[in-house]
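Student:
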Amino acid sequence: MSDVILGFCCNYTSSVDVDTLKKAGLVPEGLRIKRLPCTGKLEINTLLDAFEQGAEAVFVAGCQIDKCHNLSGSQRAAKRVGYAKKILDELGIDPARLEMFFASRGETEPIVEAARHMSSVLSDAESIHR
Amino acid sequence: MVEAGRSPNIEILSNARLEALEGKPGQFVARVHQEPRFIDEDKCTACGMCTMYCPRPVVDTYNERLEVTRAPHIDYAQAIPSSYYIDAKACLRVNYETCNLCAQTCTAKAIDFSQKPKEHALEVGAVVLAPGFGRVDSSVLERFGYGRYPDVVTSYEFERLTCASGPTEGHIVRPSDNKTPRKIAFLQCIGSRDETCGNGYCSTVCCMYAIKEASVAKEHEPDLDISLFFMDVRTQGKGFDEARQRAQEKYGLHVIRARVPRVEQVDGMLALTWTTDDGKSHSDLFDMVVLSVGLDSPEDAQSIAELADIKLNHYDFCKTTAGAPLATTREGIYVAGAFQGPKDIPESVTQASGVAAMASELLAESRNTCTISVTYPEEDKAIEAEEPRIGVFVCHCGVNIAGTVDVKAVRDYAGSLPGVVLYEDTLYSCSQDALKSIAEKIKENRLNRVVIAACSPRTHEPLFQETLRSIGLNPALIEMANIRDQCAWVHSQEPEAATEKSKDLVRMAVAKARLLEPLAQPTVDVTPNALVIGGGAAGMTAAISIADQGYRCVLVEKGRKLGGNLSRLAWTLDGQDASSVLDSLKKKVKDHPNIHVQLESQVESISGYVGNFTTTINSKGKTKVINHGVAVLATGAREYKPSGYLYGENNRVMTQLELEEKLKRGKAFLKNARNVVMIQCVGSRGEDLKHCSRLCCSQAIKNALMIKEHSPDTNIYIFFRDIRTYGFHEDLYREAREKGIVFLRYMPDRRPEVVRRGRGIAVKGFDRLMGEDIEIPASLVVLSTGIAPGDNVELAKVIKAPLTSDGFFLEAHAKLRPVEVAVDGFYLCGLAHGPKSLDESIAQAKAAAAKAVIPLAKGKVAVAPIVSQVDQKTCIGCGICESLCPFNAIRLVKVNKRRKAQTITASCKGCGICASHCPTLAISMGGFTDQEILAQIHAFSGGKCEDEA
Chain A
5 MSDVILGFCC NYTSSVDVDT LKKAGLVPEG LRIKRLPCTG KLEINTLLDA
55 FEQGAEAVFV AGCQIDKCHN LSGSQRAAKR VGYAKKILDE LGIDPARLEM
105 FFASRGETEP IVEAARHMSS VLSDAESIHR
Chain Z
-10 MVEAGRSPNI EILSNARLEA LEGKPGQFVA RVHQEPRFID EDKCTACGMC
40 TMYCPRPVVD TYNERLEVTR APHIDYAQAI PSSYYIDAKA CLRVNYETCN
90 LCAQTCTAKA IDFSQKPKEH ALEVGAVVLA PGFGRVDSSV LERFGYGRYP
140 DVVTSYEFER LTCASGPTEG HIVRPSDNKT PRKIAFLQCI GSRDETCGNG
190 YCSTVCCMYA IKEASVAKEH EPDLDISLFF MDVRTQGKGF DEARQRAQEK
240 YGLHVIRARV PRVEQVDGML ALTWTTDDGK SHSDLFDMVV LSVGLDSPED
290 AQSIAELADI KLNHYDFCKT TAGAPLATTR EGIYVAGAFQ GPKDIPESVT
340 QASGVAAMAS ELLAESRNTC TISVTYPEED KAIEAEEPRI GVFVCHCGVN
390 IAGTVDVKAV RDYAGSLPGV VLYEDTLYSC SQDALKSIAE KIKENRLNRV
440 VIAACSPRTH EPLFQETLRS IGLNPALIEM ANIRDQCAWV HSQEPEAATE
490 KSKDLVRMAV AKARLLEPLA QPTVDVTPNA LVIGGGAAGM TAAISIADQG
540 YRCVLVEKGR KLGGNLSRLA WTLDGQDASS VLDSLKKKVK DHPNIHVQLE
590 SQVESISGYV GNFTTTINSK GKTKVINHGV AVLATGAREY KPSGYLYGEN
640 NRVMTQLELE EKLKRGKAFL KNARNVVMIQ CVGSRGEDLK HCSRLCCSQA
690 IKNALMIKEH SPDTNIYIFF RDIRTYGFHE DLYREAREKG IVFLRYMPDR
740 RPEVVRRGRG IAVKGFDRLM GEDIEIPASL VVLSTGIAPG DNVELAKVIK
790 APLTSDGFFL EAHAKLRPVE VAVDGFYLCG LAHGPKSLDE SIAQAKAAAA
840 KAVIPLAKGK VAVAPIVSQV DQKTCIGCGI CESLCPFNAI RLVKVNKRRK
890 AQTITASCKG CGICASHCPT LAISMGGFTD QEILAQIHAF SGGKCEDEA
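Sequence order for the protein chains is A and Z. The numbering used here numbers the first residue of the first sequence as 5 and each following residue consecutively. The numbering used here numbers the first residue of the second sequence as -10 and each following residue consecutively.
1) Here's a check: name, in chain order, each residue in its chain whose Cβ is nearer than 6 Å to the Cβ of Z:P335, leaving out the five neighbours to either side.
2) In the DSSP assignment, find the unbroken beta strand (DSSP E) run with Z:S272 in it and report its ends.
3) If contacts are defined as beta-carbon pairs under 8 Å, then Z:V578 and Z:M529 qualify, I think. What distance do you get, rounded to the angstrom?
4) Alpha carbon to alpha carbon, what distance is there between Z:L923 and Z:M497?
5) Report the residue ranges of all beta strand (DSSP E) runs contained in full by the stretch 61 to 121 of chain Z; include only those spanning at least 3 residues, in chain order.
6) Taking the C-alpha atoms as reference points, what is the distance between Z:Y145 and Z:V48?
7) What ranges does the alpha helix (DSSP H) occupy inside the stretch 213 to 291 of chain Z, keeping only unbroken runs of at least 4 residues that lie completely in it?
8) Grouping DSSP H, G and I as helix and E and B as strand, with all else coil, what is Z:Y540?
9) With a Cβ-Cβ cutoff of 9 Å, do Z:Q645 and Z:C681 count as a contact?
10) Nearest to Z:R713 by CA position, among Z:S700, Z:G675, Z:E742, Z:C670, is which residue?
11) What's the C-alpha gap between Z:L352 and Z:N52?
12) Would the stretch 245 to 260 of chain Z and the stretch 209 to 224 of chain Z be scored as touching if the rule is three or more Cβ pairs under 8 Å?
13) Answer with yes or no whether the minimum CB distance from Z:V344 to chain A is below 9 Å.
14) Compare the C-beta of A:V1 against all C-beta atoms of chain Z and say whether one is closer than 9 Å.
15) Could you tell me which chain A residues have their CB closer than 7 Å to the CB of Z:E262, listed as they occur along the chain?
16) Just checking: is the beta-carbon of Z:L274 within a distance shorter than 9 Å of some beta-carbon in chain A?
17) Assign Z:L274 to buried or exposed, taking buried as 16 or more other Cβ atoms, counted over all protein chains shown, within 10 Å of its Cβ.
18) Shortest alpha-carbon distance to Z:H906 belongs to which of Z:E485, Z:S857, Z:V884, Z:A119?
19) Under three-state DSSP, which class holds Z:P778?
20) Identify each residue in the stretch 115 to 149 of chain Z for which the Cβ-Cβ distance to at least one residue of chain A is less than 7 Å, and report them in chain order.
21) At a CB-CB cut-off below 7 Å, which residues of chain A make contact with Z:M277?
22) A:G110 touches chain Z at which residues, Cβ-Cβ below 8 Å?
23) Which runs of the beta strand (DSSP E) fall wholly inside the stretch 394 to 447 of chain Z and span at least 3 residues, in chain order?
24) Assuming Z:A502 contacts Z:E468 under a Cβ cut-off of 8 Å, what Cβ separation, rounded to an integer in Å, is found between them?
25) Any chance you could list the alpha helix (DSSP H) runs of at least 4 consecutive residues sitting entirely within the stretch 733 to 794 of chain Z, in chain order?
26) Of all Cβ atoms in chain Z, is any one closer than 9 Å to the Cβ of A:L30?
27) When you compare the CB positions of A:S18 and Z:E(-8), do they come within less than 9 Å of one another, or not?
28) Under 8 Å by Cβ, that's how I've got A:I37 and A:A88 pegged, so tell me the actual separation to the nearest angstrom.
29) Are Z:H160 and Z:H209 closer than 9 Å when you measure CB to CB?
30) Would you call the stretch 307 to 315 of chain Z and the stretch 771 to 789 of chain Z touching, i.e. three or more CB-CB distances under 8 Å?
31) Can you name the start and end residues of the beta strand (DSSP E) that A:M102 belongs to?
32) With a threshold of 8 Å, are at least 3 pairs of Cβ atoms found where one atom belongs to the stretch 256 to 264 of chain Z and the other to the stretch 741 to 753 of chain Z?
33) Here's a check: name, in chain order, each residue in its chain whose Cβ is nearer than 6 Å to the Cβ of Z:R627, leaving out the five neighbours to either side.
34) So what does DSSP say about Z:C681, is it helix, strand or coil?
35) So Z:M258 contacts chain A; which residues on that side make the cut at Cβ distance below 8 Å?
36) With a threshold of 9 Å between beta carbons, is Z:S947 in contact with chain A?
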């Protein structure tokens, strides 16, 4: 069983089904995607909770900074990801396990890249749930 | 195309454009500007040396820019004129006065840089516009990733990829990595049915061509996984639905009804997302995406319209009407093909024949005044009867043959064969001067049999036959050995073996040549009358056209009045009053001195052959005999009457035509109509009739709009499978949706039902979007019942014309001879040929008239010399040949009280079926007698010539 990577994507990023991507071997098996109306809705708690619920890595994919559908949603998300990274660091968890990405509207490629990036971060790290 | 290239009455001006068009019908002056080709068409032998030596690469636009060629090139091997041309933009010599390599390598001396642009002033009586269609703008394609992602290709490019003579020799590869793709998606309606790019119409042909391309691809790569994304599957052409069904089953094509909004690339794969009509969203990855690009109006449509002073429609196609589909807005100027509206090949060819009829009507008076006819010297029978003196000419074809085969060795070998008195090699036997020298040598040496060892008889035999005729020899006295295709090309790696094989072929040809006999070239006189069977729109149009072209014509109608199905229509699809079209046709028929109408009459028997038919008709109980040279079948079809759907049991259920008749009488009945429900494909597409009836979708929507116009508060629901409002009829569909008409798709396993509810009725159906059964109370239920064939079986038997499995008459060839029947002298139009709309019927009727007039105008029917001959001494009169002949060209006659078979040479096509089945070998084929073929076989096996005869 490969490590669980949880991605929070806003509604305006890729609409290609995760299973389709997995079947083609484009993304790691452990990828889960949660869709949100906007990444600006994300709270730090939610991000930390994701780790507590078993995720080995978490990423957030929102709109391009200057092209956010809700004007500043992805900027807010980026800030919160920054805070959460600090908390992770204090807890002794590698902050690289959480990352923010910006994807152009409707594009699948950045999501695939984000998932692969997270997977590479995990490649030689030990599980935090052991 | 070859035919057009060879006709002495067709002058082809290539690289030319129209500059001005002055004058009036019958007396136009067309000013044409012609750019030079820099290669003399008469001298060029299409050997390809110039392309080989040219240092200047240019993109091969014929191959959709997938390949490069050189400045001098030919688009494809079969192009007419069959001559190369120089791309003036790229040529170094033209632009910089340097290079000149090609001119030096051209052994035929065909390259001529002194050519200048020419201005022509052509005096013509009529003008036909056939500029074809244009390309959809690339900005539309870019929306689907074209240009950005290399593996998104257009259907044109894919067509070249699947073509055996294309850049990849038919191997399907992804442009990005030249690997064979596994999963391909076809996206339909790119640049069609899309108002955002200005093309609101349906391009008509893409659904079928996508199916074809997908099938060809599967033939090539059976492991391909192909999905096709349609909005509606519009395969409404004759036999198309069946072909699509077959392809889907045979090749396992996935048909998905959804519009894919965009294409994106993910890690070298192409991702598509789409939503089906049950509201579910899907996505998948593909290796390659093919954009099924629609047909746009020609790029220069505006300027053509201005120059020719004609009007365009709102999509920049030529403006025409349903009653006169081939006439532009200016008299004497006609239009055919995709410029009149998007259409497929059969229809374009049909229209092309149709405009020929229009021009012929206009110019009937001056028939045969400006035409050229070729005359030949008297045949020299004496020399033909002498002992065979054979001349063998072995062709180098530049390097085409000589590059592989040792031509001189083959030539010398030919000299050793018995009967050969002259053996020579020629650089290009087909070039004008070579032909002249061959003719002289034949005369000098008193040759009476000729063998040409060169290329394919398919393309070149007629040319050499012409040469023989021009010096008074029978054209049957030539034999060709195809040492280019069968030796030089296929064995290009084994020159020695190729040379040996060439010798074999020449030996065989010589063996046959010694037995060649001159064949008679009979002609048959033609009775200059036509018979038109059926007095509907098609029959009347055909009769008027034939009569206008100057020939007498008998129009036979079984009913009590003229008009056929047209008399039941209220409006044409473009909104004209149908009765005005009908009345004008009827009036013309009635007033025309050349047309004789026979009402309440039916054909009882037809005998004879092309040029000389004798037909017995039963006219109001009396028998009449008509002699005619040709016949047009316009017997029409009938509205299908369904069973079920409470049809015939409840007066609120009616067919579209019944609704139309009702609307024609008055609109009062609509007052209390709250809901009108229409059901498409009742009977059609697999219920009772296998075929799609083509026009019911447009007709239903036309009637629905008519109801909306008179009673805007009436709710209209249309249950459909695929809405097939092809071409400009798509406008009707859009208008209907804008006006709030509700369209509900159903699948054949879940057809809507009509049920009784109290005193009224309702329609039960399934709403795919909601996923629920629904019931709509209906004030009226209108069934689109489709078109069933008429009683064609009897007539088909009488004339031995084949029918399709659906019961319509079958044309001789769907694309090349769409209005001819396989039996010579019979032509086909209207609903008898298959379901079609009024404008299509009229165009086809004109086409049938054009074809029918050809034998009448010639006055004689020339018979191909390769016909069967019956040796009546050997014939035992068994009749097998008569029963097998597909063309009705053999009959049994009494000779001295015994039954004997006799070939009707005028009808014989030379297929040889009779000869191969004759139990007593009494039948032989001209030019292919058993002796000749056996001699060839012996020559092949023996290694030396044995005398067989």
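Beta carbons are placed, not taken as given, at the ideal position from N, Cα and C, and that holds for glycine.
Tutor: Per the coordinate set shown:
1) Here the set comprises A803, K804, P807.
2) Unbroken beta strand (DSSP E) run through Z:S272: 270 to 275.
3) About 5 Å separates the CB atoms of Z:V578 and Z:M529; that is less than 8 Å, so the two are in contact.
4) Roughly 10 Å between the two C-alpha positions.
5) As far as the stretch 61 to 121 of chain Z is concerned, its whole beta strand (DSSP E) runs of at least 3 residues are 107 to 113, 116 to 118.
6) Answer to the nearest angstrom: the Cα atoms are 16 Å apart.
7) Counting whole runs of 4 or more residues, the stretch 213 to 291 of chain Z contains the alpha helix (DSSP H) stretches 229 to 240.
8) Reduced to three states, the DSSP call for Z:Y540 is coil.
9) Against a cut-off of 9 Å, the Cβ pair of Z:C681 and Z:Q645 comes out as no contact.
10) The shortest Cα separation from Z:R713 among Z:S700, Z:G675, Z:E742, Z:C670 belongs to Z:C670.
11) One C-alpha to the other measures close to 40 Å.
12) With the cut-off at 8 Å, the stretch 245 to 260 of chain Z and the stretch 209 to 224 of chain Z touch.
13) Z:V344 does not count as touching chain A.
14) Outside the displayed range of chain A (5 to 134) lies residue 1 of chain A, so it cannot be described from this structure.
15) The sequence as given places Thr at residue 262 of chain Z; Glu does not occur at that position. Near Z:T262 (Cβ distances below 7 Å), the residues of chain A are S19, V20.
16) True, the Cβ-Cβ gap to chain A drops below 9 Å.
17) It counts as buried.
18) The residue from Z:E485, Z:S857, Z:V884, Z:A119 with its alpha-carbon nearest to that of Z:H906 is Z:S857.
19) Taken through DSSP and simplified to helix, strand or coil, Z:P778 comes out as strand.
20) Under the 7 Å Cβ criterion, the stretch 115 to 149 of chain Z contributes no residue.
21) Scanning chain A for C-beta atoms nearer than 7 Å to the C-beta of Z:M277 yields nothing, as the closest lies near 14 Å away.
22) Under a criterion of Cβ atoms nearer than 8 Å, the residues of chain Z adjacent to A:G110 are, in order, R251, E253.
23) Here the runs fully enclosed are 409 to 415, 438 to 442.
24) That pair is a contact at about 5 Å.
25) If only uninterrupted alpha helix (DSSP H) runs of at least 4 residues are considered, those enclosed by the stretch 733 to 794 of chain Z are 781 to 788.
26) Interface with chain Z (9 Å Cβ-Cβ cutoff): A:L30 is included.
27) Not in contact: A:S18 and Z:E(-8) (Cβ atoms no closer than 9 Å).
28) In this structure, A:I37 and A:A88 do not form a Cβ contact; the two beta carbons are roughly 19 Å apart against a cut-off of 8 Å.
29) Yes.
30) Contact fails between the stretch 307 to 315 of chain Z and the stretch 771 to 789 of chain Z, because fewer than three Cβ pairs, one in each stretch, are under 8 Å apart.
31) As written in the sequence, residue 102 of chain A is Leu, which differs from the Met given in the question. Going by DSSP, A:L102 is part of the beta strand (DSSP E) stretching over 102 to 107.
32) Fewer than three beta-carbon pairs drawn from the stretch 256 to 264 of chain Z and the stretch 741 to 753 of chain Z are found closer than 8 Å, and the two stretches are therefore not classed as touching.
33) Excluding positions up to five away in sequence, the list reads A777, G779.
34) When secondary structure is reduced to three states using DSSP, Z:C681 falls in the coil class, being assigned neither helix nor strand.
35) Those are A28, L30, listed as they occur along chain A.
36) Outside the shown range of chain Z (-10 to 938) lies residue 947 of chain Z, about which nothing can therefore be said.
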